[in-house]
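Protein chains: 4
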Amino acid sequence: MAKLQKSIEKKNNLVQATIELVNNNGFHATPISKIAKMANVSPATIYLYFESKQDLVNKVYLEVKEAFTAYAFATYTEDMSVVEGFEIIWKRIANFKLKECKQALFLAQCDNTPIIDEASREEGIKHLQPLLDLWERGQDKGIIKPVSNYLLYAYTISPLAFLMLTQQRGQFKIEEKHIEQAYQAAWDSIKL
Amino acid sequence: MAKLQKSIEKKNNLVQATIELVNNNGFHATPISKIAKMANVSPATIYLYFESKQDLVNKVYLEVKEAFTAYAFATYTEDMSVVEGFEIIWKRIANFKLKECKQALFLAQCDNTPIIDEASREEGIKHLQPLLDLWERGQDKGIIKPVSNYLLYAYTISPLAFLMLTQQRGQFKIEEKHIEQAYQAAWDSIKL
Amino acid sequence: MAKLQKSIEKKNNLVQATIELVNNNGFHATPISKIAKMANVSPATIYLYFESKQDLVNKVYLEVKEAFTAYAFATYTEDMSVVEGFEIIWKRIANFKLKECKQALFLAQCDNTPIIDEASREEGIKHLQPLLDLWERGQDKGIIKPVSNYLLYAYTISPLAFLMLTQQRGQFKIEEKHIEQAYQAAWDSIKL
Amino acid sequence: MAKLQKSIEKKNNLVQATIELVNNNGFHATPISKIAKMANVSPATIYLYFESKQDLVNKVYLEVKEAFTAYAFATYTEDMSVVEGFEIIWKRIANFKLKECKQALFLAQCDNTPIIDEASREEGIKHLQPLLDLWERGQDKGIIKPVSNYLLYAYTISPLAFLMLTQQRGQFKIEEKHIEQAYQAAWDSIKL
DNA sequence: CATGAATGAGGTTTCATTCAT
DNA sequence: AATGAATGAAACCTCATTCAT
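Spelled out as structure tokens, the structure:
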């Protein structure tokens, strides 16, 4: 029991270290040895928890992706109205992207480069279903434009990644009012 | 004379090879040796054209970024109306992102990871001024929402990168009608 | 425990190999790969013991220099008379230079070329103090010429490096009588 | 004729550049490309004047060695007395070592490391004959100790190389009085 | 379970030399 | 005679991974 706990702690340290280092230096400048050092662990120990460096980054990706979707839908229930539901989900996502910077930044790198297995990438996409269902409801009711989910996602969710990046780079400080403006823009872009 | 010409050709080959390989394998899996091989050149030759691998990728980034902005504003003049001008610029950008996939994909990687020097990144941002001016005109006339440029960019331009990626991954085939829908979404999100 | 011992052995092998190869081929023709081969070690292993090739050669230099001064003063005590003390130190140094050829040869290369860090060079000079003190005593008593330490060193110790080199190159075989002659010359050059 | 002149100038530039760079950086950090740059010449041009890098450094060594011996014996004639002759030769050598620092420094590196061909080294030694003859004369007359030439050289000439090095490194500034002291020490060490 | 030591493979870069002009 | 461009070979060094403990 104690051992298991300890193991979980080490694994978490490894995950955190990976995120931190990939965020700051990029995957190309994140050797296993540095991850081990930051997690206070021997390089060899990493291979007790993960099969390879590729496996490590895949697993970290999936873990973060799951944390993201869990957070996104935590306060949403399917009995909400389309408008209400969209606002709730969108704001949760916005909150995650802009407050959980580290995780969001890590996802941005993984989603825009080939550092993740194709398999892991597909696995990571699966969890968005509630949002897709919501959109379908909205489209059936004539509230949301009858366009592809990809377009809806592109114009409501993906801009948040861009804003997160600009904030991360110190170019743009995002305050409460900007979130409201962003929400309005997102909604305007897909509402009928 | 013949020498100089040959040099330009080799440099172009190197740039193309870099884009191709970074796109397909990621920066972390793109060694100098592979770039050299694809460009039909000795690894040592790369160092006649670029100071280092970092310099190479910086220069490629700037070259592509310049090609992008040149393309974006090629058909725009400042005497156009705000609505007309925005549509023209937006569609040029959309065209570039969705037709010049290789270059767009490369930019997406560079813009979302720390593989580029901070200096080069800042240099690359400079060329968007005409679009920012256009937006200011639109805001002065009460046509465009009075929000930060970053928000305007996030909701009109950045979604195109996302769409390009989905297309590149074979998830979503973008046709003419989607571009029209996307344009509508972009405009709806920022128009007053 | 066994690990630590092994480490010391490997480090010594590396030090010996470096001396051997630099002596025979020169620093410019002593790649890390050859050092590794002679020490029966992978090139990568060298970097577990030393930070860089420069660090390796600096450390070897300091180690040899310390061995040299330790040897030089091993039988000297400050209560000896000036004449007795000088003879004892001088002969120890002569013995070292002419018997521990490898180490002396290595020092000659390091002391006459810029292969050593300035910092390491300064560090290496520090240990001669007892000799300088002895000379000062001799000068106070009117036994030794009142000239700079550099001159005293130049005329008593530095000739031994030259003799070592000639012997090393097979030009001149140094026997006991030559050492006596050399000692006489050294003493004659500085005595009042 | 004009061409030949030009060639000689280029060759001299190459010799000077080699001395300068080997002095400052060491042979191991003196690539052909740097020599070429400092001599305002293409790397390829070097191979019109020398067969290889090794040939270049050999030739430079011999040239400097010849300049040294020519300078050493320029004012000496065999009809001088032993004492007078020795003083004249010694002071010329001292002057060369301490005033023509660059050349002396270069010789020190070549004489203490294996950067020169064995053949070139032997060639370089030949020119000292007049000094050896002088010593023999002195020994025959009972003025100079009956010891090996190597010892005589070690105690009269080789210390000058050490003093030159200390001066070069800024540890010891050699003035006129030190030269007199050094001469006295040299003479004291070998005179009967 | 955990590790420090070790390393083969491969990374980026340099360099002496050649070649086409 | 002179060169800038080109390069194969090799330099230094790093890294993902394994192994003995």
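Protein chains in written order, with full-length UniProt numbering: chain A, 1 to 192; chain S, 1 to 192; chain C, 1 to 192; chain U, 1 to 192.
Glycine included, each C-beta is placed from N, C-alpha and C at the ideal position.
Note that the structure is a prediction, hence the values are computed from the model and not measured.
- Shown here, K191/U sits in a strand according to DSSP, grouped into three states.
- Beta-bridge annotation (DSSP): I144/S is paired with K191/S.
- As summarised for the segment 96-164 of chain S, the continuous alpha helix (DSSP H) elements at least 4 residues long and confined to that stretch are 101-112, 118-125, 129-140, 149-156, given in chain order.
- D188/U has a beta carbon lying within less than 8 Å of a beta carbon in chain C.
- Shown here, G170/A sits in coil according to DSSP, grouped into three states, outside any helix or strand.
- Among the CB atoms of chain U, one or more fall inside 8 Å of the CB of T166/C.
- For D79/U, no alpha helix (DSSP H) run applies, since DSSP gives it neither H nor E.
- With a cutoff of 8 Å on beta-carbon distance, I35/C and L48/C are scored as not near each other.
- If you draw a straight line from the Cα of I19/A to the Cα of F106/A, it comes to about 6 Å.
- One Cα belongs to K53/A, the other to I32/A, and the distance between them is close to 7 Å.
- Interface flag for H28/S against chain A is set, since a Cβ pair is found closer than 8 Å.
- Using a Cβ-Cβ cut-off of 8 Å, P31/C does not count as an interface residue toward chain U, since no Cβ of chain U sits closer than that to its own.
- Within chain U, the C-beta atoms nearer than 7 Å to that of L151/C come from H178, Q181, A182, A185, in chain order.
- Closest option to Q129/S, judged by alpha-carbon separation, among Q168/S, A72/S, K37/S, D140/S: A72/S.
- Rounded to the nearest angstrom, the Cβ distance from V82/C to L134/C is 6 Å, consistent with a contact under 8 Å.
- Listed along chain S, the residues sitting closer than 7 Å to N25/A by beta-carbon distance are P114.
- With respect to the C-alpha of S7/A, the residue from F50/A, H28/A, V22/A having the closest C-alpha is F50/A.
- When Cβ pairs closer than 8 Å are counted between the two stretches, the segment 62-77 of chain S is seen not to touch the segment 167-182 of chain S, the count staying below three.
- Taking 8 Å as the upper bound for CB-CB distance, G124/A and L192/A are not in contact here, some 30 Å apart.
- Put simply, the CB of P159/U is near chain C, with a gap under 8 Å to one of its CB atoms.
- Close partners of L163/A in chain S (Cβ separation under 8 Å): Y150, L151, A154.
- The C-beta of V15/U comes no closer than 8 Å to any C-beta of chain C.
- Counting only runs of at least 4 residues, the segment 1-45 of chain A fully encloses the following alpha helix (DSSP H) elements, listed from N- to C-terminal order: 2-25, 32-38.
- Contact check for V147/C against Q181/U passes: the beta carbons are separated by less than 8 Å.
- By the criterion of at least three beta-carbon pairs nearer than 8 Å, the segment 97-106 of chain C is not in contact with the segment 97-104 of chain U.
- Among the CB atoms of chain C, one or more fall inside 8 Å of the CB of Q109/U.
- A Cβ-Cβ contact shorter than 8 Å links L160/C with I93/C.
- Boundaries cannot be given for F50/A, as no alpha helix (DSSP H) includes it and DSSP labels it neither H nor E.
- In the three-state reduction of the DSSP assignment, A74/A falls in the coil class, being assigned neither a helical nor a strand state.
- Cα atoms of I190/A and I89/A: separation of roughly 15 Å, rounded to the nearest angstrom.
- Contact annotation: A39/A and A67/A have beta-carbon atoms that are not nearer than 8 Å.
- Rounded to the nearest whole angstrom, the C-alpha separation of E78/C and A29/U is 44 Å.
- Of all residues in the segment 40-67 of chain U, none is placed with a Cβ closer than 8 Å to any Cβ belonging to chain C.
- The beta carbon of T45/S lies closer than 8 Å to those of K10, A36 in the same chain, with the five residues before and after it left out.
- At least one beta carbon of chain A lies nearer than 8 Å to the beta carbon of V147/S.
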